[in-house]
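**Student:** So for the sequence shown, my numbering puts the first residue at 12; every next one is plus one.
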Amino acid sequence: MSDELIELEEEEYTSPLTAPTLRRIVALLRPHRLRLAGFLLAIGTTALLDAVFTYLNRAMIDQGISQKDFPILLRYAAYYGGLQIVQAAMVFGFIYTVGILGERIQYELRKAVFNHLQELSLSYYSQNPVGRLMARVTSDSGRVADLMTWGLLDVTWALVSIAASLVFMLSINWRLALTVFATIPILLIIAVNFRKRILAEFRRARRLNSKITGEYNQTIQGVRVVKALGREEENLIEFAHLTDEMYHASYRAAWLSALFLPAVQIVSAFALGAIVWYGGLQSQIGNFSVGDIHAFVSYLTFMIWPVQDLARVYAEMQHAVASAERIFTLLDTPAEVRDRPGAIPAQTLLGEIEFDHVSFWYEEDQPILQDFTLKVQPGETIALVGPTGGGKTTLVNLLCRFYEPKRGVIRLNGRDYTEYTLESLHSRLGVVLQTPHLFSGTIRENIRYGRLDASDAEVEEAARIAGAHDFIMTFEKGYDQEVGEGGNLLSVGQKQLISLARAVLARPEIFIMDEATSSVDTLTEALIQRGMEALMRGRTSFVIAHRLSTIKRADRILVIENGRIVEQGSHADLLRRRGQYYRLYTQQFKFEKARAYGVAPAIETVPLS
Ligand SMILES: Nc1ncnc2c1ncn2[C@@H]1O[C@H](COP(=O)(O)OP(=O)(O)O)[C@@H](O)[C@H]1O
Ligand SMILES: [Mg+2]
Numbered sequence: 012m013s014d015e016l017i018e019l020e021e022e023e024y025t026s027p028l029t030a031p032t033l034r035r036i037v038a039l040l041r042p043h044r045l046r047l048a049g050f051l052l053a054i055g056t057t058a059l060l061d062a063v064f065t066y067l068n069r070a071m072i073d074q075g076i077s078q079k080d081f082p083i084l085l086r087y088a089a090y091y092g093g094l095q096i097v098q099a100a101m102v103f104g105f106i107y108t109v110g111i112l113g114e115r116i117q118y119e120l121r122k123a124v125f126n127h128l129q130e131l132s133l134s135y136y137s138q139n140p141v142g143r144l145m146a147r148v149t150s151d152s153g154r155v156a157d158l159m160t161w162g163l164l165d166v167t168w169a170l171v172s173i174a175a176s177l178v179f180m181l182s183i184n185w186r187l188a189l190t191v192f193a194t195i196p197i198l199l200i201i202a203v204n205f206r207k208r209i210l211a212e213f214r215r216a217r218r219l220n221s222k223i224t225g226e227y228n229q230t231i232q233g234v235r236v237v238k239a240l241g242r243e244e245e246n247l248i249e250f251a252h253l254t255d256e257m258y259h260a261s262y263r264a265a266w267l268s269a270l271f272l273p274a275v276q277i278v279s280a281f282a283l284g285a286i287v288w289y290g291g292l293q294s295q296i297g298n299f300s301v302g303d304i305h306a307f308v309s310y311l312t313f314m315i316w317p318v319q320d321l322a323r324v325y326a327e328m329q330h331a332v333a334s335a336e337r338i339f340t341l342l343d344t345p346a347e348v349r350d351r352p353g354a355i356p357a358q359t360l361l362g363e364i365e366f367d368h369v370s371f372w373y374e375e376d377q378p379i380l381q382d383f384t385l386k387v388q389p390g391e392t393i394a395l396v397g398p399t400g401g402g403k404t405t406l407v408n409l410l411c412r413f414y415e416p417k418r419g420v421i422r423l424n425g426r427d428y429t430e431y432t433l434e435s436l437h438s439r440l441g442v443v444l445q446t447p448h449l450f451s452g453t454i455r456e457n458i459r460y461g462r463l464d465a466s467d468a469e470v471e472e473a474a475r476i477a478g479a480h481d482f483i484m485t486f487e488k489g490y491d492q493e494v495g496e497g498g499n500l501l502s503v504g505q506k507q508l509i510s511l512a513r514a515v516l517a518r519p520e521i522f523i524m525d526e527a528t529s530s531v532d533t534l535t536e537a538l539i540q541r542g543m544e545a546l547m548r549g550r551t552s553f554v555i556a557h558r559l560s561t562i563k564r565a566d567r568i569l570v571i572e573n574g575r576i577v578e579q580g581s582h583a584d585l586l587r588r589r590g591q592y593y594r595l596y597t598q599q600f601k602f603e604k605a606r607a608y609g610v611a612p613a614i615e616t617v618p619l620s
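1) Helix, strand or coil for Gln388 per DSSP?
2) If you draw a straight line from the C-alpha of Asn583 to the C-alpha of Ala477, how long is it?
3) Does the beta-carbon of Lys403, which I'm using as the reference point, lie nearer than 6 Å to any heavy atom of ligand 1?
4) So the alpha helix (DSSP H) Thr551 belongs to, where does it begin and stop?
5) Threshold first: 4 residues or longer. Then list the alpha helix (DSSP H) segments lying entirely within the region 81-167, N to C.
6) For Gly302 and Asp73, I'd like the C-alpha separation in whole angstroms.
7) Along the chain, where does the beta strand (DSSP E) that runs through Tyr373 open and close?
8) Given the structure, does Tyr592 come close to ligand 1, in the sense that its CB is under 6 Å from one of the ligand's heavy atoms?
9) Give the DSSP-derived three-state secondary structure of Asn408 in the structure shown.
10) Given 8 Å as the limit, is there contact between the region 112-121 and the region 79-87, that is, 3 or more CB pairs closer than that?
11) Under the criterion of a Cβ to heavy atom distance below 6 Å, does Thr399 qualify as lining ligand 1?
12) Can you tell which of Gly461, Val287, Asn298 and Asp255 has its C-alpha closest to the C-alpha of Lys222?
13) Skipping 5 residues on each side, what residues in its chain have a beta carbon closer than 7 Å to that of Gly489?
14) Below 7 Å between beta carbons: does that hold for Asp367 and Gly419?
15) For Leu28, which residues of its own chain have a beta-carbon under 8 Å away from its beta-carbon, when the five flanking residues on both sides are left out?
16) Excluding the 5 residues flanking Phe299 on each side, which residues of the same chain have their C-beta closer than 6 Å to its C-beta?
17) Excluding five sequence neighbours on each side, which residues of the same chain lie with their C-beta closer than 6 Å to the C-beta of Ala169?
18) With three or more beta-carbon pairs closer than 8 Å as the criterion, would you say the region 453-469 touches the region 387-400?
19) Mind pulling the beta strand (DSSP E) runs of 3 or more residues that sit fully within the region 460-533?
20) Any heavy atom of ligand 1 closer than 6 Å to the Cβ of Tyr414?
21) Taking C-beta to C-beta, are Ile421 and Tyr428 nearer than 7 Å?
22) Would Gly353 and Val171 qualify as a contact pair, given that the criterion is a beta-carbon distance under 7 Å?
23) Figure out for me which residue from Gly504, Arg558 and Glu472 has the closest Cα to the Cα of Arg518.
24) For Gln95, count neighbouring Cβ atoms within 10 angstroms of its own Cβ and tell me buried if that reaches 16, exposed if not.
25) Nearer than 6 Å: is that true of the beta carbon of Ile379 relative to any heavy atom of ligand 1?
26) Which residue comes first and which comes last in the beta strand (DSSP E) that contains Arg418?
27) Determine the direct distance from the alpha carbon of Ile304 to that of Leu187, and round the result to whole angstroms.
28) Are three or more beta carbon pairs between the region 427-443 and the region 592-602 nearer than 8 Å?
29) Would you identify the three-state DSSP class for Thr616, choosing helix, strand or coil?
30) Using 6 Å as the cut-off, classify the Cβ of Tyr118 as near or not near the heavy atoms of ligand 1, replying yes or no.
31) Give me the Cα-Cα distance between Arg46 and Ala156, rounded to the nearest whole angstrom.
32) Under a three-way DSSP split, which group does Asp14 fall into?
33) Three or more C-beta pairs under 8 Å: does that hold for the region 441-459 against the region 520-530?
34) Return the residue from the list Phe179, Ser451, Met547 and Leu559 that minimises the CA-CA distance to Arg66.
35) State the DSSP-derived secondary structure class of Thr29, mapped to helix, strand or coil.
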């Protein structure tokens, strides 16, 4: 299990139910009120009929069996049978609706959350890893739906059962009824306490279990490091400690579970003793019949289970409420980047691009860009180079409107780009990132994702331009090769080439590559180079690359450091200037040479421009 999931398991918060949360949970049920009413009616009737059956039993015993009055016995038996059929129908009804209701609620919750997640800006994701977010949404919405269906079912059933039993008992003998009823609070307290503690121990055991698995994975994966550092002994001790703790937690959970029922039984045995004792005494003076005793004993049993159900729902409810609150918090997180009121679709992005005194920061006190100004002519190829953390990706993020400037304006075709709809911008931008994302499916499907109506020939042409065709043909199934979940059957370099092909196919008006070929070998990159040059003609392009050979031919090269342009010009200009770019280039050149020959060059290599 990954560290992420361990963290997730540790996040087993509980929350008390507050009025606003309750109101929002109830609001989730509002669209289903008809179905809900039927559902509650069915459960209520079922619970009520159980109490009625006991009452009928009493009449059958006292009026039928004791008096040997068979016609009466038969009549009651007929009532009994008839009501059984009604009850069976009710049981079918609520089990059927509880399933549908649960599915609907879960579906609606997830839909709401996913819709909102799509609107949230990138900054939300940089603080909340996606995998964890998804796992949380899935488990949280399941838990809330469970509370609102099975939890509601148990509570309704329990309350109706207890209330009906009480009414019937009161009608038979109010003194004894009150005595029996007095045991309910005691049972509830015992049940709630046991439930809570059992739940806590189970969760503890589960958490430890994932920790152990995590530890295990780490040790196995890092086995060489462990051996090299002589850490075997320490690891073993840590491991033994965890296993020990888990054993104890499981042991306590089992022990509490075993103790729970006997404790409940002892308390109810007292109530049972009271019934038999009091009933026996009263029956001697003719005030209490055999049927009465039977009815009381049955009603007592009827109440023990509902009380336990109530305790269980109560213990679980606090976790469900915490889940609900997490979902609501997520839904309440405002989306930073969204369409402005009255936004218009952009007709074309093939115009001038202007960063006008743009300032930007991810965190308030750490400005990344300050007063950044840049004009790019349509069709220009701009290369961004510079040290890691300089702000190249941030510039691209702003251009793509994944984020918006905090101050200043970005203009496309002379118009503030926040006046355009996001959809019209994103559909005309082609972005290829360092960490490409593929969907499970075939290579062909993944490329075609760039333009859904492209023909097979167009898909292949795009793959050729992107330099992906050759490696695709090495697969037995060629373009129909499955890429696996998230493309995990391919190497990072192969994934980069496929997403490049996808962007090529999309024919964007602005083309952006952010270290898109960083995991591709030099030879392949040179190959891609030619195809891309043809492609970039007539389009505005931004290229960020490590290898300077890739950016040599750009119309303009910007050297970005600390969010500023420290140098700009063509490759030849910049080399002549012998500044930052010249240093970067010569370093790179030496490095490539050294790699090619397997040795470091003995003399300074000064590239000719
Ligand atoms: N999501 C983020 N949240 C906070 N800081 C960030 C985020 N992304 C990047 N940064 C910071 O912004 C600066 C510029 O990063 P980046 O634009 O990725 O540079 P480059 O692409 O040139 O390596 C770095 O200091 C980096 O730590
Ligand atoms: Mg970057």
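Using N, Cα and C, we set each Cβ at its ideal position, and we do this for glycine too.
**Tutor:** Taking the coordinates as given:
1) In the three-state reduction of the DSSP assignment, Gln388 falls in the coil class.
2) The residue you asked about is not Asn; residue 583 is Ala in the sequence shown. Distance from the CA of Ala583 to the CA of Ala477, rounded to the nearest whole angstrom, comes to 27 Å.
3) A heavy atom of ligand 1 is found nearer than 6 Å to the CB of Lys403.
4) From DSSP, Thr551 is part of no alpha helix (DSSP H) but of the beta strand (DSSP E) over Thr551 to Ile555.
5) Counting only runs of at least 4 residues, the region 81-167 fully encloses the following alpha helix (DSSP H) elements, listed from N- to C-terminal order: 81-130, 133-138 and 141-157.
6) Their Cα atoms are separated by approximately 5 Å.
7) Here the beta strand (DSSP E) through Tyr373 covers Ile364 to Glu374.
8) Checking every heavy atom of ligand 1 against the Cβ of Tyr592, none is found closer than 6 Å.
9) Helix, per DSSP.
10) With the rule of 3 Cβ pairs closer than 8 Å, the region 112-121 does not count as touching the region 79-87.
11) Checking every heavy atom of ligand 1 against the Cβ of Thr399, one is found closer than 6 Å.
12) For Lys222, the closest of Gly461, Val287, Asn298 and Asp255 by C-alpha to C-alpha distance is Asp255.
13) Sequence-distant partners of Gly489 (beyond 5 residues in either direction) whose C-beta falls short of 7 Å from its own C-beta, in its chain, are Ile483.
14) Yes, they are a contact pair.
15) Hits under 8 Å: Met328, Gln329 and Val332.
16) Scanning its chain for C-beta atoms nearer than 6 Å, with the 5 sequence neighbours on each side dropped, one finds around Phe299 the residues Gly290 and Gln293, in chain order.
17) Excluding the 5 residues flanking it on each side, Ala169 has same chain C-beta neighbours closer than 6 Å at Pro317, Asp320 and Leu321, in chain order.
18) The answer is no - the region 387-400 does not touch the region 453-469, with fewer than three Cβ pairs under 8 Å.
19) Complete beta strand (DSSP E) runs here, min 3: 521-525.
20) Every heavy atom of ligand 1 is 6 Å or more from the Cβ of Tyr414, so no.
21) Yes, they are a contact pair.
22) Not in contact: Gly353 and Val171 (Cβ atoms no closer than 7 Å).
23) Considering only alpha carbons, the answer is Glu472.
24) For Gln95, the number of other beta carbons within 10 angstroms of its own is below 16, and it is reported as exposed.
25) The answer is yes for Ile379.
26) Arg418 -> beta strand (DSSP E) spans Arg418 to Leu423.
27) In a straight line, the C-alpha of Leu187 is about 10 Å away from that of Ile304.
28) Flag = no, the region 427-443 and the region 592-602 do not touch.
29) Low confidence applies to Thr616: its pLDDT is 41, below 50, so where it sits in the model is not reliable, and the reading given next is rough at best. Assignment of Thr616 by DSSP, reduced to helix, strand and coil, places it in the coil class.
30) Tyr118 has its CB no nearer than 6 Å to any heavy atom of ligand 1.
31) Spanning the two alpha carbons is a distance of roughly 15 Å.
32) Only weak support is given to the placement of Asp14: the predicted model assigns it a pLDDT of 43, under 50, and the question is left unresolved by the model.
33) In the pairwise beta carbon analysis, the region 441-459 is classified as touching the region 520-530: at least three pairs are separated by under 8 Å.
34) Residue identity differs from the one stated: residue 66 is Tyr in this sequence, not Arg. Comparing Cα-Cα distances from Tyr66 to each of Phe179, Ser451, Met547 and Leu559, the minimum goes to Phe179.
35) Three-state DSSP puts Thr29 in coil, outside helix and strand.
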